[in-house]
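Protein chains in written order, with my numbering: chain Z, 1 to 335; chain F, 1 to 290.
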């Protein structure tokens with residue numbers, strides 16, 4: 001953990017270096033070209049992966065940077081999705097306006113949930129969030145809320161059209177719409193995490209008592225982190241709902257929360273780029289497992305998951321960091 | 001009053017199941033300080049082994065003890081082969097390995113034994129000895145078995161040298177190694193015991209909930225809640241917590257909100273308790289030295 005902390009602080013303290021800037025520009029260029037090369041279905045999958053990346057970034061703030069384990073972020077994802085769906089279906093709100101509303105609702109919900117959760121030890125917090133993840137689908141099905149949530153049937157929403165004049169089809173438009181939101185959120189997270197707030201979050205994770213002694217308001221930071229993390233996940237949920245055009249209680253079971261946790265650990269804890277690797281993993285690896293074995297795809301998934309942790313216990317981002325450090329050391333020796 | 005008694009008693013019966021899985025969770029926690037998410041699936045898989053043995057013509061109790069032996073051996077094997085190589089990895093990486101194990105076992109069981117729901121025999125007579133209308137003889141028998149297991153676990157940890165060595169290995173691995181305890185093997189033994197207890201729990205649950213690959217998913221959550229409610233470092237507390245969760249769930253379902261939301265209500269109550277008593281009802285309060 002300590003080495004990890006030093007590494008994150010170092011990379012974040014120095015603002016984007018030139019080579020990183022070039023890499024980032026190349027990556028963005030690739031993201032811009034991709035939807036014109038792939039089939040509509042692949043574009044749809046990538047749009048979902050973008051939504052997952054935002055959700056994972058939110059969870060990573062809480063678990064990776066702040067050390068609070070959540071097994072219930074699927075609940076915030078569901079709340080975001082339902083806020084978007086209800087606003088669009090019952091009130092005729094335009095789809096782009098539902099995104100900030102979903103974010104605000106989840107910010108409030110996350111902050112309120114974070115307040116009592118402060119008192120809990122890590123394992124007990126895991127239980128409390130797990131309980132949230134398990135009970136939310138039941139609440140969504142509850143018959144007195146059916147007028148809003150549509151009960152077990154869920155809500156079907158219309159696919160948004162691209163603004164007139166743009167030479168894009170619906171899938172491509174949604175992709176760029178999600179990508180734009182993701183870019184803003186990633187930029188905001190990058191600024192938040194490498195500054196004063198981010199260091200306070202890391203300090204609370206690594207040594208809460210020392211952090212408090214240095215004047216960090218642990219209670220406030222922890223619940224705020226919970227709120228911001230829920231906000232990211234809620235926005236991702238709204239984007240996911242608009243992309244899939246359908247919400248139903250059973251698509252937000254506790255497995256979603258566990259998948260998010262898998263995503264951040266496989267991608268790399270306490271790393272912003274880890275959210276992207278993790279999103280690609282949880283979006284595409286189940287498909288790959290399905291192609292390897294039709295009869296027991298989840299067995300393949302389980303084996304893949306375990307072997308991933310064998311090879312890269314620090315996640316993909318940690319692995320890349322390790323390889324780069326080794327390469328740099330080798331080159332320095334030659335000089 | 002009559003229905004109230006009925007609700008409490010049938011809550012106790014399901015609580016007994018949660019209690020035995022909670023006991024298995026505590027076993028792993030005591031020896032490794034980790035919560036094993038794959039515990040329920042391990043129990044489910046062992047129950048399938050018992051089912052195959054009974055179908056192959058073995059008498060019930062022979063299959064029962066053979067299954068426990070197999071479960072113990074596979075628990076040890078899993079620790080040695082799968083968990084040991086990642087022992088030094090960060091905690092969350094280990095949790096992911098557990099989740100991987102969970103989906104792996106679940107999918108394997110579905111693949112080998114199919115997803116069709118199977119009935120599982122009960123070892124207890126149809127006619128209850130203690131004739132009453134509240135509890136079936138199987139529910140009564142299952143509670144008895146849970147209590148026997150609890151007493152055995154208690155005696156093992158309290159009065160045998162091996163149990164003492166296991167507790168020592170969990171509390172202070174370095175010093176234990178210095179006095180000659182093989183810490184690695186103690187962990188493997190803990191896994192074996194937890195797996196065996198899980199197998200017993202699985203065989204006791206299966207006649208009630210029927211045998212299918214997903215039979216343990218709900219039970220594991222309740223057991224987890226029960227273990228934490230009682231205090232995860234305390235076997236007696238965990239068992240009591242399991243019973244309390246069973247009764248609470250039933251009462252909430254009958255009197256407060258109906259069956260749809262009973263799970264949510266039970267969990268809210270548990271979290272309420274935990275906010276007031278953060279280390280569980282009977283857990284030791286850890287004081288950290290700065």
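C-beta atoms are modelled at their ideal positions from N, C-alpha and C, and glycine is treated no differently.
CA-CA distance, residue 193(F) to residue 231(F), rounds to 20 Å. Excluding its 5 nearest sequence neighbours in each direction, residue 316(Z) has C-beta neighbours in its own chain below 8 Å: 266, 267, 268, 274, 277, 278, 281, listed in chain order. Taking the Cβ atoms as the reference, residue 252(Z) lies roughly 24 Å from residue 122(Z), outside the contact range of under 8 Å. If you look at residue 249(Z), you'll find it isn't in any alpha helix (DSSP H); DSSP assigns it neither H nor E. In this chain, the alpha helix (DSSP H) harbouring residue 138(Z) covers 122-141. Using a Cβ distance threshold of 7 Å, residue 60(Z) and residue 264(Z) count as a contacting pair. Residues of the stretch 68-81 of chain Z whose Cβ lies closer than 8 Å to any Cβ of chain F, in chain order: 69. Per DSSP, the beta-bridge partners of residue 118(F) are 211(F). Membership of residue 119(Z) in any alpha helix (DSSP H) is not indicated, and neither H nor E is assigned to it by DSSP. Counting of Cβ neighbours within 10 angstroms places residue 87(F) among the exposed residues, the total staying below 16. Within the stretch 101-113 of chain F, contact with chain Z at the beta-carbon level (separation under 8 Å) is assigned to 101, 102, 103, 104, 105, 106, 107, 108, 110, 111.
Take residue 173(F), set aside five residues on each side of it, and the residues of its chain with a beta-carbon closer than 6 Å to its own are 183, in chain order. Here residue 53(F) is near residue 66(F), since their CB atoms are less than 7 Å apart. In the three-state reduction of the DSSP assignment, residue 155(Z) falls in the strand class.
For the C-beta of residue 260(F), the chain Z residues within less than 8 Å are, from N- to C-terminus, 138, 141, 142, 143.
In this structure, 211(F) is the residue among 211(F), 59(F), 149(F), 139(F) with its C-alpha nearest to the C-alpha of residue 109(F).
Residue contact check for residue 58(Z) against chain F: no CB pair falls below 7 Å. In the structure shown, the three-state DSSP call for residue 87(F) is coil. In the DSSP annotation of this structure, the continuous segment of the alpha helix (DSSP H) that includes residue 55(Z) starts and ends at 40-60. Going by DSSP, residue 21(Z) is part of the alpha helix (DSSP H) stretching over 18-37. Using a Cβ-Cβ cut-off of 7 Å, residue 86(F) counts as an interface residue toward chain Z, since at least one Cβ of chain Z sits closer than that to its own.
Three or more beta-carbon pairs separated by less than 8 Å are not found between the stretch 232-246 of chain Z and the stretch 17-24 of chain Z, which leaves the two stretches without contact. Residues of chain F whose Cβ lies closer than 8 Å to the Cβ of residue 215(Z) do not exist, since the nearest Cβ in that chain is about 16 Å away. The Cβ neighbour count for residue 116(F), taken over all protein chains shown within 10 Å, is under 16; the residue is labelled exposed. Chain order gives the chain Z residues near residue 279(F) as 121, 124, where near means a beta carbon separation below 9 Å. Per DSSP, residue 33(F) lies in no alpha helix (DSSP H) and is assigned neither H nor E.
Around the beta carbon of residue 146(Z), fewer than 16 other beta carbons lie within 10 angstroms, which makes this residue exposed. Annotated three-state conformation of residue 233(Z) is helix, per DSSP. When the five nearest sequence neighbours on each side are left out, the beta carbons in the same chain lying within less than 7 Å of the beta carbon of residue 181(F) are those of 165, 168, 169, in order along the chain. Annotated as proximal: residue 141(Z) and residue 152(Z), with beta-carbon spacing under 7 Å. For residue 172(Z), the secondary structure class from DSSP, reduced to helix, strand or coil, is helix.
At a cut-off of 7 Å between beta-carbon atoms, residue 305(Z) makes contact with chain F.
Closest by C-alpha distance to residue 224(F), out of 91(F), 266(F), 242(F), is 242(F). CA-CA distance, residue 107(F) to residue 202(F), rounds to 17 Å. The alpha-carbon separation between residue 293(Z) and residue 111(F) amounts to approximately 11 Å. Taking a C-beta cut-off of 7 Å against chain Z, the contacting residues of the stretch 19-44 of chain F are 35, listed in chain order.
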